[in-house]
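Sequential numbering from 505 applies to the sequence shown in the working numbering. Every residue gets a Cβ at the ideal spot worked out from N, C-alpha and C, and that includes glycine.
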Amino acid sequence: MRVSVGVDLHKSQFTVYYRYEGTDEGIIKKYSTQRYGYKEFLGTLRGYKGKGVEITVAVKAKEILLLYRNKDCVEKSFDNMKNELSSNRLRVHSRGSMEGRLFISFLSLILYSFIHNIMREKNLVKKYTIEEVFYEIKKLKIIELENKRKILTEISKTQKELFMNLINEVPKLWPNRIPSCKMAVF
């Protein structure tokens, strides 16, 4: 007889799924990540070995590492969304409002991750933090003229350097002469 063992590790416990060869049924057992939990798990494995049961790991080491990294990436993304992008509580009263807030939060997270990945690829993380990059970008404003023409406010030296490093171009500026206008935040 053969038993396949799959393990899912959490902070305070790990879950083990035992599946018997030739059946679709299995046993799910939770163990503490404390020393006694590991001893109990090893004792269970020794019990199977003592009965002459062959034990195989259901997931290979490379797959486990990949799964762990993916899980870690998702957890860090949600942490960034919650803490860095200030998406703590939704505080909404309708499902539509909730979905809208979540949609905007996910768009923000995608932009945040995109900029952070480019910063890592181009080795900008040594010179700037992601917060500094967003602080500089937040300073930009788009001004909409009465004739519906839009212009971008003046770009600082730091902003030019960031744009060149991030997207290899600097947004174009229109002449600074501005007739009566209304302002929109970028």
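In the DSSP assignment, the residues bridged to residue 506 are 558. In this structure, 517 is the residue among 531, 556, 587, 517 with its C-alpha nearest to the C-alpha of residue 538. If the five residues before and after residue 603 are omitted, its C-beta is found closer than 6 Å to no C-beta atom of its own chain. The closest CA to that of residue 663, considering only 600, 637, 653, is found on 637. For a cut-off of 8 Å, the C-beta gap from residue 651 to residue 613 is around 36 Å, too long to register as a contact. Check the Cα spacing between residue 619 and each of 595, 666, 527: the tightest is with 666. By DSSP's assignment, residue 626 forms no beta bridge with any residue. No Cβ-Cβ contact shorter than 8 Å links residue 617 with residue 589. Residue 524 places its beta carbon 8 Å or farther from that of residue 509.
Contact check for residue 655 and residue 647: beta-carbon distance about 5 Å, within the 8 Å limit, so the pair qualifies. In the displayed model, residue 520 falls within a strand according to three-state DSSP. With 16 or more other Cβ atoms from the protein chains shown falling within 10 Å of its own Cβ, residue 623 counts as buried. Taking 8 Å as the cut-off, the beta carbon of residue 532 is found closer than this to the beta carbon of residue 519. When 643, 632, 644, 645 are compared, the shortest CA-CA separation from residue 669 is found for 632. Separation of residue 676 and residue 615 (C-alpha to C-alpha, rounded to the nearest whole angstrom) is 21 Å.
A straight line joining the alpha-carbon of residue 548 with that of residue 554 spans about 10 Å.
Excluding the 5 residues flanking it on each side, residue 558 has same chain C-beta neighbours closer than 6 Å at 506, in chain order. The secondary-structure analysis by DSSP pairs residue 535 across a beta bridge with 518. CA-to-CA, the gap between residue 673 and residue 659 works out to about 12 Å.
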